[in-house]
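Numbering (this note's numbering), first residue to last: 542 to 661. All C-beta atoms, glycine included, are put in the ideal place defined by N, C-alpha and C. Each remark here refers to the structure printed beneath this line.
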């Protein structure tokens with residue numbers, strides 16, 4: 542009997558760890574999505590400009606850069622951020638699945654434990 546309770550405790554701790562990881566993934570995903578939106582908005586603004594050059598901030602210094610170069614850089618950044626968001630979503634999905642399985646298992650074991658306690 543104590544080993545079952547110990548097993549349930551371990552599963553609860555694992556579940557808590559998974560929940561913390563899910564929170565971290567959510568924060569990372571939100572940060573990447575904000576950055577992605579900024580890149581998309583910047584690309585949109587560059588599409589609408591008639592100037593052949595615009596300014597790019599590099600280490601706090603504004604540098605005049607050709608629009609095509611800026612578009613290329615922003616497009617690469619956008620693609621990278623999209624891939625990062627997708628990777629996080631895949632990890633989230635796996636963790637959520639494991640979380641559901643653990644919850645079901647914990648509930649089942651606790652219910653089984655209660656039934657054993659009541660039969661005594």
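Taking residue 630 as reference, the option from 548, 564, 604, 557 with the minimal CA-CA separation is 564. Rounded to whole angstroms, the separation of the alpha carbons of residue 616 and residue 584 is 8 Å.
Excluding residues up to 5 positions away in sequence, nothing lies with its Cβ nearer than 7 Å to the Cβ of residue 627 in the same chain. At a cut-off of 3 residues, the continuous stretches assigned as beta strand (DSSP E) that sit fully inside the segment 571 to 657 are 594 to 599, 602 to 607. With respect to residue 636, residue 553 sits apart: the two C-beta atoms are not nearer than 9 Å.
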